[in-house]
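So the structure is just underneath, and the comments pick up after that.
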Amino acid sequence: MKLSTIRYAAAVFGVVIAIAGCSGNTETGDGAGPQTTGETSKPTPGGELVWALAGTITNDSLDAHKAGFAPTTRVMRSLYDSLVVELPDHTIQPWLATSWEVSPDGKSYTFHLRQDVKFHDGTPFNAEAVKFNFDRIKDPATKASISLNEIGPYESTEVIDEYTVKINFKTPFAPFLSNAAKVDLGFVSPTAVKKYGDAYPQNPVGTGPFKLAKLTPSTQVEFVKNPDYNWAPANAGHQGPAYLDKLTVKYVDEESTRVSVLQSRQVQVADIIPPQNLVALKADKNFNVQEAELLQVNFSLYLNQQREPWNDVSMREAFRAALDIGTAVKTIYLGTSKQAWSPLSPQQFAYTPSLENTYKQDVNKANEILDRLGWKMGADGYRSKNGKRLTVEFIDTQGNREKRLDLISIFIQQLKQVGIELKIVSLPSGTYSERRLKGEYDLVAGSQFSGDPDILRQLFSTKGPVGPNNIARANDPQLDQWLEEGYLETDPEKRKAIYKKVQEYIIQNVYSIPTYVFQYSVASVKEVQGITFDYPAWPVFYDAWIKK
Amino acid sequence: MAKYIVNRLLASIPVIIGSLTIVFLIIHWLPGDPAQMIAGDDAAPERVAFLREQFGLNRPLWQQYLSYLWDSLRGDFGVSFANSQPVLDRLLAQLPATLSLAAMSILLAVVLGVVLGVLSAVYKNRLFDYIVRVISLLGVSMPKFWLGILLILIFSVHFQLLPAIGNGSFKQLIMPAFALGVTGAGMLARMIRNSVLEVIGEPFVVTLRAKGLADRVVLYKHVLRNALLPAITVLGTLLGEMLSGAVVTETVFSRQGLGKMVVDAINQKDIPVIQAAILVTAVFTVVCNLLVDISYSYIDPRVRKSS
Numbered sequence: 005m006k007l008s009t010i011r012y013a014a015a016v017f018g019v020v021i022a023i024a025g026c027s028g029n030t031e032t033g034d035g036a037g038p039q040t041t042g043e044t045s046k047p048t049p050g051g052e053l054v055w056a057l058a059g060t061i062t063n064d065s066l067d068a069h070k071a072g073f074a075p076t077t078r079v080m081r082s083l084y085d086s087l088v089v090e091l092p093d094h095t096i097q098p099w100l101a102t103s104w105e106v107s108p109d110g111k112s113y114t115f116h117l118r119q120d121v122k123f124h125d126g127t128p129f130n131a132e133a134v135k136f137n138f139d140r141i142k143d144p145a146t147k148a149s150i151s152l153n154e155i156g157p158y159e160s161t162e163v164i165d166e167y168t169v170k171i172n173f174k175t176p177f178a179p180f181l182s183n184a185a186k187v188d189l190g191f192v193s194p195t196a197v198k199k200y201g202d203a204y205p206q207n208p209v210g211t212g213p214f215k216l217a218k219l220t221p222s223t224q225v226e227f228v229k230n231p232d233y234n235w236a237p238a239n240a241g242h243q244g245p246a247y248l249d250k251l252t253v254k255y256v257d258e259e260s261t262r263v264s265v266l267q268s269r270q271v272q273v274a275d276i277i278p279p280q281n282l283v284a285l286k287a288d289k290n291f292n293v294q295e296a297e298l299l300q301v302n303f304s305l306y307l308n309q310q311r312e313p314w315n316d317v318s319m320r321e322a323f324r325a326a327l328d329i330g331t332a333v334k335t336i337y338l339g340t341s342k343q344a345w346s347p348l349s350p351q352q353f354a355y356t357p358s359l360e361n362t363y364k365q366d367v368n369k370a371n372e373i374l375d376r377l378g379w380k381m382g383a384d385g386y387r388s389k390n391g392k393r394l395t396v397e398f399i400d401t402q403g404n405r406e407k408r409l410d411l412i413s414i415f416i417q418q419l420k421q422v423g424i425e426l427k428i429v430s431l432p433s434g435t436y437s438e439r440r441l442k443g444e445y446d447l448v449a450g451s452q453f454s455g456d457p458d459i460l461r462q463l464f465s466t467k468g469p470v471g472p473n474n475i476a477r478a479n480d481p482q483l484d485q486w487l488e489e490g491y492l493e494t495d496p497e498k499r500k501a502i503y504k505k506v507q508e509y510i511i512q513n514v515y516s517i518p519t520y521v522f523q524y525s526v527a528s529v530k531e532v533q534g535i536t537f538d539y540p541a542w543p544v545f546y547d548a549w550i551k552k
Numbered sequence: 028m029a030k031y032i033v034n035r036l037l038a039s040i041p042v043i044i045g046s047l048t049i050v051f052l053i054i055h056w057l058p059g060d061p062a063q064m065i066a067g068d069d070a071a072p073e074r075v076a077f078l079r080e081q082f083g084l085n086r087p088l089w090q091q092y093l094s095y096l097w098d099s100l101r102g103d104f105g106v107s108f109a110n111s112q113p114v115l116d117r118l119l120a121q122l123p124a125t126l127s128l129a130a131m132s133i134l135l136a137v138v139l140g141v142v143l144g145v146l147s148a149v150y151k152n153r154l155f156d157y158i159v160r161v162i163s164l165l166g167v168s169m170p171k172f173w174l175g176i177l178l179i180l181i182f183s184v185h186f187q188l189l190p191a192i193g194n195g196s197f198k199q200l201i202m203p204a205f206a207l208g209v210t211g212a213g214m215l216a217r218m219i220r221n222s223v224l225e226v227i228g229e230p231f232v233v234t235l236r237a238k239g240l241a242d243r244v245v246l247y248k249h250v251l252r253n254a255l256l257p258a259i260t261v262l263g264t265l266l267g268e269m270l271s272g273a274v275v276t277e278t279v280f281s282r283q284g285l286g287k288m289v290v291d292a293i294n295q296k297d298i299p300v301i302q303a304a305i306l307v308t309a310v311f312t313v314v315c316n317l318l319v320d321i322s323y324s325y326i327d328p329r330v331r332k333s334s
């Protein structure tokens, strides 16, 4: 009696699980009707688009100058415009500025602004507004961080006349035009800032194709079309207001939920599709998947060079030789992300392909180095020297974002083969920041989104911008010097040459170990057309429309 | 009875103050400087110092503690370190979602738990009993996030019946409340089953039946009243669990709520938010337990008399 009941219950349960499993497949065949390709259809204005965002808007802050994490920046692209737009071939085209000149010494940029631009609250966009914005970024009370890094050696802004503005830097700053294309240097309404003060982040006012309608804390933000919009960038698909009437962004951090709400059509767009769902969605005719490489410093491992034994480059080489990064990346990302060979991601203008396939797993080499340096293999499978086990403590606070911890878990197995113990220590962000600042760790890892190779100066130089960053804890005068040169050099070809040296040097000395190249993915129901990406791979909804 | 209530109320005050004090101490002794965290890893030392001053972190600990207690009593929870918004506003904005989720989950847990528990006892050792016992075991064992995702896959993606995310409508409440309440339902069902079986075996029940009372009357009027007592105690614990389980449920279903707010605040060491949330939770737990105690004395005259 008892046994049969258990079997019965197990059967019921099994059916439930089976149903759940089946629902992972594509929806019931939508074979009815002709397959419209959509590429040549005319955009139909109107409609509401709901976007399930991978992440949240931190602190419900939509202040362009307080930009921090990527999800917030992705959303803000629809609210704020920039002076210029950068095309994939790295040329700079007009946007809010119609033309510009750079002074011969490279320290001043004079922009001629469009004369028909207005903020969402009616305030005219002019040279005064530009000055207000740049000065605001510089002002410590604003607590800007990324935006502040991106204006580099900014000194002052001069209003030449109502629509001409001159921006002055203390030294030449090559990344400026590229940075000026970003949301982080987008324009906020001076009137709104003065009116709302500290509450401005929850009441953002820009010049963008969408304006804020309603912000529901920790949940979603609703935008409506800006009907006066008529100043789209040079590479836009059309001019005039956006096609969509309304854009709602719901925060859905949990990846399985995000994919589910797209599949159930509760939302029409979802981003950062996890690898296991990416393949299925791409094959599903009911959905479109677009991918763009996120310009960034790839997720890389940084051994703490200021701590024994990782101050010895041979030890770092041994560590890297034990890893089979290619296989690990393929296992975790199922082919949707490729192995990274350089700190910079491949689409960055100074990326050097010379590093591709230059090293691979070499367990013998690793063992040879470790033996030579006196690390004896113990009976427990791990090496030790002078009674101390070869343990690498990896501190982390972001969790399994982009499956990074899963990747590290594979590395743990690979390192064990040569007798190195890698331990993951998960910490709340307060503790993590403190230990990282104090250098109390063996390994950290991270990525950093940035469109310019100057980001390497922030990560590897002792002279980096805005106080201590130097995640690599490097202390290499040669590297510092090259990074300073790259920072000050304005000729793109010369910069490319300098950064080629820098990337090769970093890899040669194992200052960082890059792992995978992140592909930012956006999946939408097939009725949604026209989503594009700007250069750093933030999604642009200005040309998006919904096929009825 | 009134004296009983007043006694319990007075006893609650040191509990609340005690929990506030402990939380205050823990927050301040945790590593990590809130000013550094808000300013960011690469901020200049001057900005960090500026923020520390702004947040009043340079004052001696006892001063921060007293001003915290005094402000809290007046309902002034200060301003969030992270976004300079008054904490009270944020709290009030998140409260309705959490309360509706908690209320619905408890309701579900109680209804399901009591019904299944009683029936399970009545049909003891029959098929129904076994099914309920297995289901309640599952309910207690299933992780809430796993169950939540499973529910979304079945009801949202496959059957397209219910929305997966959001917190405005009743429809959006069903799945999260179920995911959250199922554990409680499982616990209550087992507890009530055992309790009812125990009471049914007591001599007074035999007497009642011998008197000629109908089985149903015996069950509902006499047995249940006695059997529910231990379950009511569990209810108090369940309420506490609701609040903590809410964090996971809120994440999976992308709902607003206190749980998520607190987790974010802890990550950022946003001290005013953490303290306010703990105060609300402590008061809520104390009030719930107070209500549980009072209902005890209402249901069980022996408690009433002895106090």
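Residue numbers (my numbering), protein chains in the order written: chain A, 5 to 552; chain B, 28 to 334.
Beta carbons are placed, not taken as given, at the ideal position from N, Cα and C, and that holds for glycine.
Please read these numbers as outputs of a predicted model, since none were measured by experiment.
Residue contact check for glutamine 187 of chain B against chain A: a CB pair falls below 7 Å.
Per DSSP, isoleucine 428 of chain A is one residue of the beta strand (DSSP E) stretching across 425 to 430. Looking only at A/Ala296, A/Pro357 and A/Ile164, the smallest Cα-Cα distance to serine 341 of chain A is reached by A/Ala296.
Out of A/Pro496, A/Arg461, A/Asn473 and A/Lys498, the CA that lies nearest to the CA of glutamine 482 of chain A is found in A/Arg461. Counting only residues of its own chain and dropping the five nearest sequence neighbours on each side, proline 518 of chain A has a CB closer than 7 Å to the CB of Asn302, Ser304, Ala344, Trp345, Ser346 and Pro347.
Taking threonine 494 of chain A as reference, the option from A/Gly59, A/Lys70, A/Pro47 and A/Gly110 with the minimal CA-CA separation is A/Gly110.
In the DSSP assignment, no residue is bridged to isoleucine 459 of chain A. In this chain, the beta strand (DSSP E) harbouring glycine 450 of chain A covers 447 to 453.
Bridge pairing for valine 253 of chain A: A/Trp55 and A/Val225 [DSSP]. By a beta-carbon distance limit of 8 Å, valine 273 of chain A contacts alanine 56 of chain A. Their separation comes to about 7 Å. In the DSSP secondary-structure assignment, tryptophan 104 of chain A is bridged to A/Phe115.
Distance from the CA atom of glutamate 488 of chain A to the CA atom of alanine 354 of chain A, rounded to whole angstroms, is 15 Å.
Shown here, glutamine 482 of chain A sits in a helix according to DSSP, grouped into three states. Along the segment 55 to 112 of chain B, the alpha helix (DSSP H) occurs as fully enclosed runs of 4 or more residues at 61 to 66, 72 to 81 and 88 to 100, listed in sequence order. The Cβ atoms of valine 396 of chain A and alanine 326 of chain A do not sit closer than 7 Å to each other.
Remark: fewer than three beta-carbon pairs, one from each stretch, lie closer than 8 Å, so the segment 206 to 221 of chain A and the segment 142 to 153 of chain A are not flagged as touching. According to the DSSP assignment, alanine 131 of chain A belongs to the alpha helix (DSSP H) that extends over 131 to 142. In this structure leucine 216 of chain A touches proline 208 of chain A by the C-beta definition: roughly 6 Å separates them, less than 8 Å. Ranked by Cα distance from isoleucine 459 of chain A, the options A/Arg439, A/Lys427, A/Gln507 and A/Lys498 are led by A/Gln507. Sequence-ordered contacts of the segment 152 to 185 of chain B with chain A read Leu154, Tyr157, Ile158, Val161, Ile176, Leu177, Ile179, Leu180, Ile181, Ser183, Val184 and His185 [C-beta pairs closer than 7 Å]. DSSP places asparagine 183 of chain A in the helix class (H, G or I) of the three-state scheme. Here the C-alpha atom of isoleucine 219 of chain B lies approximately 10 Å from the C-alpha atom of asparagine 253 of chain B.
Here the C-alpha atom of isoleucine 164 of chain A lies approximately 49 Å from the C-alpha atom of valine 289 of chain B.
Taking 7 Å as the threshold, the shortest C-beta distance from serine 147 of chain B to chain A does not fall below it.
Judged by beta-carbon spacing, serine 268 of chain A lies beyond the 7 Å limit of glycine 190 of chain A, meaning their Cβ atoms are not closer than that value. DSSP places asparagine 34 of chain B in the helix class (H, G or I) of the three-state scheme. Secondary structure within the segment 290 to 332 of chain B: the alpha helix (DSSP H) runs of 4 or more consecutive residues, fully enclosed, are 298 to 326 (chain order).
For a Cβ distance threshold of 8 Å, residue set Thr278 and Ser281 of chain B lies close to aspartate 257 of chain A, ordered along the chain. Lysine 174 of chain A sits in coil when the DSSP states are folded into three classes, being neither helix nor strand. Straight across, the Cα-Cα distance linking leucine 282 of chain A with alanine 527 of chain A is about 9 Å. For proline 157 of chain A, same chain residues with a beta-carbon under 7 Å away, outside a window of 5 residues either side, are Phe173, Lys174, Thr175 and Phe177 in chain order. Between valine 514 of chain A and glutamate 321 of chain A, the CB-CB gap stays under 7 Å. In this structure tryptophan 89 of chain B is exposed. Its beta-carbon is surrounded by fewer than 16 other beta-carbon atoms within 10 angstroms. For lysine 198 of chain B, the uninterrupted alpha helix (DSSP H) segment begins and ends at 198 to 227. For the segment 363 to 402 of chain A, the full-length alpha helix (DSSP H) segments reaching 4 residues or more read 367 to 376 along the chain. Interface annotation, arginine 220 of chain B: not in contact with chain A, CB-CB separation never under 7 Å.
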